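K.L.:
Each number in the working numbering comes from the position in the sequence shown (counting from 1) with 1 added on.
Note that the Cβ used here is the ideal one computed from N, Cα and C, for glycine as well.
Note that the structure is predicted; figures quoted are calculated from it, not measured.
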Amino acid sequence: MGGAVCLDFVNTLDDRFSAEPKELLPHYVDLARFGEDTGMLTDLQVDRLMTRSMQQPDEAKRALASAIQLREAISEIFYALVRKKPVPAAALVILNQHVQDAAQHLALMPAKRHFEWQFESDPYDLFAPLRPIARDAAELLASERVEFVRTCASKTCEWLFLDESKNHRRRWCDMTKCGNRAKVKRFYVRKKKAVVS
Ligand SMILES: [Zn+2]
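1) Going by DSSP, what residue range makes up the alpha helix (DSSP H) through Thr52?
2) Ligand 1 and Ser155: does the residue's C-beta get closer than 7 Å to at least one heavy atom of that ligand?
3) On the criterion of 16 or more Cβ atoms from any shown chain inside 10 Å, does Gln105 qualify as buried, or is it exposed?
4) Would you be able to state if there are at least three C-beta pairs under 8 Å between the stretch 173-182 and the stretch 151-161?
5) For the structure I just gave you, are there three or more beta carbon pairs, one from the stretch 130-149 and one from the stretch 6-26, closer than 8 Å?
6) From this set, Glu121, Glu73 and Val100, which residue's C-alpha is nearest Met110's C-alpha?
7) Would you say the beta carbon of Lys178 is closer than 7 Å to some non-hydrogen atom of ligand 1?
8) Less than 7 Å separating the Cβ of Asp44 from some heavy atom of ligand 1?
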């Protein structure tokens, strides 16, 4: 939905700036499912990770904690950029640690017409879902697309998204979720005013 996996990942802490943020990844299985939903992991990989997480709950907890640490570092960096604030150095250190770990698991593999980067690891490695996310964040930050990262204009949402529209004037994370809500609100405000006047 956000146009980049790393931004969708940040949005898994919903209502981030409210008094009661909603954690959408409370358990390791939620992280594995995020990997599946975003196409980073295959069904087979997810099945294996689910099995391993049940066999090794402590290791699964550590992997989830590390994923949350990565998510919050990515979040701090992108919200700072969008708000034109200095990027917190500590967040960049954390992201770089994850990016370097990801790089160690990358290998060139022959694909149809050219080679492509693929992640290689023990199929039961519970940290596998973190690596494509870290790499996605690094690629976005190092590209010119980074200037089109926005926050949703809905004050109760503020999700991050990549605005790849032609004129780069997209305002909402999702037209049906936040755009319509804002429109309906404006409609009611207008009606109310009309009644008052
Ligand atoms: Zn939104």
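P.N.:
Checking against the coordinates, here is how it stands:
1) Here residue 52 refers to the residue found at position 51 when the sequence shown is read from its first residue. Thr52 -> alpha helix (DSSP H) spans Asp44 to Gln56.
2) For this step, residue 155 is matched to residue 154 along the sequence shown. Indeed, a heavy atom of ligand 1 lies less than 7 Å from the Cβ.
3) As a working mapping, residue 105 is identified with position 104 in the sequence shown. Exposed.
4) yes
5) yes
6) Counting from 1 along the sequence shown, the entry for residue 110 is found at position 109. Nearest of Glu121, Glu73 and Val100 to Met110, Cα basis: Glu121.
7) Here the question's residue 178 lines up with position 177 in the sequence shown. Answer for Lys178: yes, Cβ within range of ligand 1.
8) Within the sequence shown, numbered from 1, the residue matching residue 44 stands at position 43. Remark: the C-beta of Asp44 is outside contact range of ligand 1, defined as less than 7 Å to any heavy atom.
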